[in-house]
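Chemist: So that we are looking at the same thing, I have put the structure below in structure tokens.
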Amino acid sequence: MKKNTMMRRGFAEYKTLDPAAKKRMRREFFINNALYIFLIIVIIAIAISRPRFLSPPSLINILSLSAANLPIALGIAGAIILTGTDLSAGRAVGLCACVAASLLQATGYANKMFPELSTVPVYLVVLLVVAIGALIGAINGFCTAKFNLHPFIVTLATQLIIYGSLLMYLTLGTNNGQSISGLDESYTGFINGSFLSVGGTAIPNFVWYSLIITVIMWFVWNKTTFGKNMFAVGSNPEAAHVSGVNVTRTIILVFTLAGALYGVTGFIEGARIGSNSAATGLNYELDAIAACVIGGVSFVGGIGKIRGVIMGVVLLRIIFVGLTFLAVNQNLQYIIKGLIILIACAIDMRKYLVRK
Amino acid sequence: MKKIFLPIIALVSILIFSGCMADEGGENTSVAVFYYTYSDPYISTVRASLDRELEALGVEYQDYDSNSSQTTQSEQVQTAITKGATMLVVNIVETGSDDAAQGIVEQARSAGIPLVFFNREVSDNVIASYEKCAFVGTDAAEAGHMQGELIADYILKNYDATDLNGDGKISYVLFKGQDGNAEAEFRTQYAVEDANKLLREAGKPELSFYNPNNRDKYLVDKNGTWSASAANEYMTTILTEYTESGKNMVEAIICNNDGMAEGAITALNTAGYNNGSGKTIPVFGVDATEAAVALIRAGKMTGTIKQDAEGMAKAIAHLTDNVKSVRDLMDGTQDMHVDTNVSKIRIPYGIYTGE
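Sequence lines, in order, name chains A and B. For the first sequence, position 245 (counting from the first letter as 1) is numbered 245 according to the working numbering, and the numbering increases by one without interruption. Count along the second sequence from 1, then add 1000; that gives the number in the working numbering.
Here is the structure:
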């Protein structure tokens, strides 16, 4: 809404300007929205050469790939708003995925990790892994807030602790560090099953969970005191403290919430991929951080929108799918992704400095 | 004053301790085993077997996780030698060049202790450069050759069922685990080359990559982790563009390892394939992990190439026993597959199709 009125005002202003200023403003507009313009051009270009790129199955694929990555990105976004980051996210996802999968293997599966274990109700496992994630997050937040450490350091450390625990977990029961698969119907159905199809293509259930979480997170960020405190602490912790915000509690809560979202991501990943090992979740945080910064969640702190996070996640997935469709040389794909992150952040910083 | 006091105390106590420990080791065989990463399921199987074997031998051993970092590993080796290891067993991280392996050989040489490389291959020159050095592993190219044979064998037996669109050609996708890894390169190359050769001999056309625009003729895990999730995401994306109704469905899926095969199968499951009954797209892997064996038994996967983890562990244990009993490192290996000019023991691969 705000953007609309701003644009309208911008347009009214634009009409009153002399040609030189008009030209400058047009250029500004193009630079500021370069990413979106680029994205639209890319989509059109891919769609022309590979028409199926915009077919319902393909769109639903982009949607579901994005949905799988959204919760972790929403969690990390909170940490970035606090001028922090979270390197432990990927490993937390891995641990949660392995725990969920190990508890939800089909009874009678030959390599069941805990052979005596009967079928655990899915909702119990969801609660458990979300609790594990939240606990990891709470520890991250606690160390950050209480010991006054930068989250980069804290999560660099906890990431290792989680990985070690995960390796130990994988040797429990009958499992010798093997990947965990052979999942129970109740689990795979809950995640990969579908109750709604569009144009003959099923939308996997986890897309809806991701959607619900996004709505909740939008509400938390925009409509709650906690959300407002988060942005206040992010832009200036001293000022927030002076105006009566409990900075310590806010930081711990932001990280706890992030951890809970990693738990959700892990739970989804467990069944979505169907094979869980110590490598599960590796580097997930990097994609999530990239998505956040592409979407305008800024490392200067206190700046970011749910809309931006969604945009960033979807953009990265469109690039992945688009480049696969076009069969672009794999080496080039790394370079393209790197350039996009760099350009997106440069544009973003430029906007921020202008505003300042 | 205080600041200087603490380090001195620490130093003195270390000296005292090292004085006490200096005589330890010596006669006992103390084996240091370095794994390139604990997170690899196949390597975990080797580790479990080797731990058992070494315990049975009654030698002292310590396992190290190099966590996919050659720097970490080289430093661990250095530390283990200073700690008094009398034998090194190394699953090298860096396979792209000889430098790291040669560095470890030099360390072993100056300590005068035997060194066994395993699983990830080092070049003949490195092994030959030190008389107390050997390699236990597979012939990296063999897995690729064997997978090619497995693929051709299956396709020739089930040609019409595999050729879903009836155009007389089999379209395939290949998931590569890592760029620049010798095993991944060999598997990627030979699986297709050998399958094509056998298909040609049987008078059939060669396999064709599902997307003719892709010149690489493979899709690689960009994180280089041979991961199920990379294969899964590629596969779901492919399935949106290439379908049976579109008459361009992918008709065979070749994976560098079983993890990637699992990921691809999960994607196929969601699309209604490979559920044990009904339509099944042939999926081929390498490793014969427990999960893959279960999938093959359930009819959801076609076949895999078995890497004999236990055989590898037994061979390493044999060499350890030689060191323990003060025999030549390569003593009693006549019955094993050993390369002619160099101390390299080859553990054969095997085709596994659940039969």
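Note that CB positions come from ideal geometry on N, CA and C, so glycine has one too. Since the structure is predicted, the reported quantities are computational estimates derived from the model, not experimental observations.
Tell me whether I48 of chain A sits in a helix, a strand or coil according to DSSP, three-state version.
Modeler: Translated into positions along the first sequence, residue 48 of chain A becomes position 48. Note: I48 of chain A maps to helix in three-state DSSP.
Chemist: In three-state DSSP terms, what is R1120 of chain B?
Modeler: In the second sequence, the residue the question calls residue 1120 of chain B occupies position 120. Three-state result, R1120 of chain B: coil.
Chemist: Could you check whether the Cβ of L326 of chain A sits closer than 8 Å to any Cβ belonging to chain B?
Modeler: Against the first sequence, residue 326 of chain A aligns to sequence position 326. Closer than 8 Å: yes.
Chemist: Taking 8 Å as the cut-off, decide whether the C-beta atoms of S186 of chain A and V93 of chain A are in contact.
Modeler: Mapped onto the first sequence, residue 186 of chain A falls at position 186. Mapped onto the first sequence, residue 93 of chain A falls at position 93. Contact: no.
Chemist: Could you tell me which chain B residues have their CB closer than 9 Å to the CB of G137 of chain A, listed as they occur along the chain?
Modeler: Here residue 137 of chain A refers to the residue found at position 137 when the first sequence is read from its first residue. Those within 9 Å of G137 of chain A in chain B number zero; the least Cβ separation is about 22 Å.
Chemist: Which chain B residues are close to P204 of chain A, counting only those with a beta carbon under 8 Å from its beta carbon?
Modeler: Here residue 204 of chain A refers to the residue found at position 204 of the first sequence. Under the 8 Å cutoff, chain B gives T1270.
Chemist: Do you know how far the Cα of N1067 of chain B is from the Cα of Y1130 of chain B?
Modeler: Walking along the second sequence from the start, residue 1130 of chain B turns up at place 130. Walking along the second sequence from the start, residue 1067 of chain B turns up at place 67. Cα to Cα, the separation comes out at about 26 Å.
Chemist: Would you verify that the beta carbon of Y109 of chain A is, or is not, closer than 8 Å to some beta carbon of chain B?
Modeler: Start at 1 with the first residue of the first sequence, and residue 109 of chain A comes out as number 109. It does: the Cβ of Y109 of chain A has a partner Cβ on chain B nearer than 8 Å.
Chemist: Closer than 7 Å by C-beta to G1026 of chain B: which residues in its own chain qualify, once you throw out the five before and the five after it? Chain order, please.
Modeler: Start at 1 with the first residue of the second sequence, and residue 1026 of chain B comes out as number 26. Low per-residue confidence applies at G1026 of chain B: pLDDT is 44, beneath 50, and the placement is therefore not dependable, though the value from the model is reported in the following sentence. Within the same chain, G1026 of chain B has no close Cβ partners at all.
Chemist: Starting from G1259 of chain B, find everything on chain A with Cβ-Cβ shorter than 9 Å and list it in chain order.
Modeler: Here residue 1259 of chain B refers to the residue found at position 259 of the second sequence. Simply S179, S275, S277, A279.
Chemist: State yes or no: is the C-beta of V309 of chain A within less than 8 Å of the C-beta of V293 of chain A?
Modeler: Stepping through the first sequence from its first residue, residue 309 of chain A is reached at position 309. Stepping through the first sequence from its first residue, residue 293 of chain A is reached at position 293. Taking the C-beta atoms as reference points, V293 of chain A is found no nearer than 8 Å to V309 of chain A.
Chemist: The beta strand (DSSP E) that contains T1188 of chain B, what's its start and end?
Modeler: Residue mapping note: residue 1188 of chain B aligns to position 188 of the second sequence, counting from 1. From DSSP, T1188 of chain B is part of no beta strand (DSSP E) but of the alpha helix (DSSP H) over 1182-1201.
Chemist: Please state whether DSSP places Q1062 of chain B in a helix, a strand or coil.
Modeler: For the purposes of this step, residue 1062 of chain B is identified with residue 62 of the second sequence, where counting begins at 1. In this structure, Q1062 of chain B counts as strand in the three-state DSSP scheme.
Chemist: Give the range of the alpha helix (DSSP H) segment to which Y163 of chain A is assigned.
Modeler: As a first step, residue 163 of chain A must be located in the first sequence, where it is residue number 163. Per DSSP, Y163 of chain A belongs to the alpha helix (DSSP H) from 151-169.
Chemist: Out of curiosity, what's the CA-to-CA distance linking L127 of chain A and Y1038 of chain B?
Modeler: For the purposes of this step, residue 127 of chain A is identified with residue 127 of the first sequence, where counting begins at 1. For the purposes of this step, residue 1038 of chain B is identified with residue 38 of the second sequence, where counting begins at 1. When rounded, the distance between both Cα atoms is 29 Å.
Chemist: Just to make sure I have the definition right: I need the residues of chain A whose C-beta is within less than 9 Å of the C-beta of N1274 of chain B. Which are they?
Modeler: Residue 1274 of chain B sits at position 274 when you count from the first residue of the second sequence. Near N1274 of chain B there are no residues of chain A at all, since even the closest Cβ is about 11 Å away, more than 9 Å.
Chemist: In chain order, which beta strand (DSSP E) runs of at least 3 residues are fully inside the segment 1069-1138 of chain B?
Modeler: 1087-1090, 1115-1118, 1133-1137
Chemist: Excluding the 5 residues flanking R1297 of chain B on each side, which residues of the same chain have their C-beta closer than 7 Å to its C-beta?
Modeler: As a first step, residue 1297 of chain B must be located in the second sequence, where it is residue number 297. If we look at R1297 of chain B and ignore the five residues flanking it on each side, its Cβ neighbours are G1354.
Chemist: Less than 6 Å between C-beta atoms, sequence neighbours within five positions excluded: which residues of the same chain meet that for L1295 of chain B?
Modeler: Sequence index remark: in the second sequence, residue 1295 of chain B carries index 295 (1-based). The beta carbon of L1295 of chain B sits closer than 6 Å to those of M1301, all from its chain and outside the five residues before and after it, given in chain order.
Chemist: Three or more C-beta pairs closer than 8 Å, one from the segment 259-274 of chain A and one from the segment 1257-1267 of chain B: is that the case here?
Modeler: yes
Chemist: Report all residues from its chain with a CB closer than 7 Å to the CB of G227 of chain A; omit the five preceding and five following residues, and keep chain order.
Modeler: In the first sequence, the residue the question calls residue 227 of chain A occupies position 227. Result list for G227 of chain A: V220, W221, in chain order.
Chemist: List the residues of chain A whose Cβ lies closer than 7 Å to the Cβ of Y1038 of chain B, in chain order.
Modeler: The residue you call residue 1038 of chain B lines up with position 38 of the second sequence. By Cβ distance, chain A contributes L167, G177, A278.
Chemist: Chain A beta carbons: is any one of them nearer than 8 Å to that of E1355 of chain B?
Modeler: Locating residue 1355 of chain B in the second sequence gives position 355, where the first residue counts as 1. Not one beta carbon of chain A lies nearer than 8 Å to the beta carbon of E1355 of chain B.
Chemist: Excluding sequence positions up to five away, which residues of its chain have a Cβ less than 8 Å from the Cβ of T225 of chain A?
Modeler: Numbered from its first residue, the first sequence carries residue 225 of chain A at position 225. Here T225 of chain A has no same chain residue with a Cβ atom under 8 Å from its own Cβ, once five neighbours each way along the sequence are excluded.
Chemist: For D287 of chain A, does the three-state DSSP call read helix, strand or coil?
Modeler: Position 287 of the first sequence holds residue 287 of chain A. Of the three classes helix, strand and coil, the one that applies to D287 of chain A here is helix, per DSSP.
Chemist: Contact criterion: CB-CB distance below 8 Å. Does I216 of chain A meet it with respect to chain B?
Modeler: Your numbering for residue 216 of chain A matches position 216 in the first sequence. Closer than 8 Å: no.
Chemist: How do the segment 1243-1252 of chain B and the segment 1166-1179 of chain B stand: do at least 3 beta-carbon pairs fall below 8 Å, yes or no?
Modeler: Three or more Cβ pairs closer than 8 Å define a contact, and the segment 1243-1252 of chain B meets that threshold against the segment 1166-1179 of chain B.
Chemist: Taking 8 Å as the threshold (beta carbon to beta carbon), is E1206 of chain B in contact with chain A?
Modeler: Numbered from its first residue, the second sequence carries residue 1206 of chain B at position 206. Not an interface residue.
Chemist: Let me know if T1225 of chain B comes out buried or exposed under the rule of 16 or more other beta-carbons within 10 Å of its beta-carbon.
Modeler: Looking up residue 1225 of chain B in the second sequence gives position 225. Flag for T1225 of chain B reads buried.
Chemist: For Y1273 of chain B, name the three-state secondary structure that DSSP assigns.
Modeler: If you number the second sequence from 1, residue 1273 of chain B lands on position 273. Three-state DSSP puts Y1273 of chain B in coil, outside helix and strand.
Chemist: Could you check where the beta strand (DSSP E) with T1304 of chain B kicks off and where it finishes?
Modeler: Numbered from 1 along the second sequence, position 304 holds the residue referred to as residue 1304 of chain B. Note, T1304 of chain B: beta strand (DSSP E), 1304-1306.
Chemist: What residues in the segment 1229-1260 of chain B bring their beta carbon closer than 7 Å to a beta carbon of chain A?
Modeler: S1229, N1232, E1233, Y1234, T1236, T1237, T1240, E1241, G1259
Chemist: Kindly list, in the order they appear in chain A, the residues whose Cβ is closer than 8 Å to that of N1223 of chain B.
Modeler: Position 223 of the second sequence holds residue 1223 of chain B. Those are L282, N283, listed as they occur along chain A.
Chemist: Quick one: Cα of V359 of chain A to Cα of A1313 of chain B, how far?
Modeler: The first residue shown for chain A is 1 and the last is 356, placing residue 359 of chain A beyond what the model contains.
Chemist: Would you mind working out which of A:R249, A:D184, A:Y209, A:K22 sits nearest F195 of chain A, comparing C-alpha positions?
Modeler: For this step, residue 195 of chain A is matched to residue 195 along the first sequence. Taking only the C-alpha atoms, the option nearest F195 of chain A is A:Y209.
Chemist: Less than 8 Å between C-beta atoms, sequence neighbours within five positions excluded: which residues of the same chain meet that for G406 of chain A?
Modeler: Outside the displayed span of chain A (1 to 356) sits residue 406 of chain A, for which this structure offers no information.
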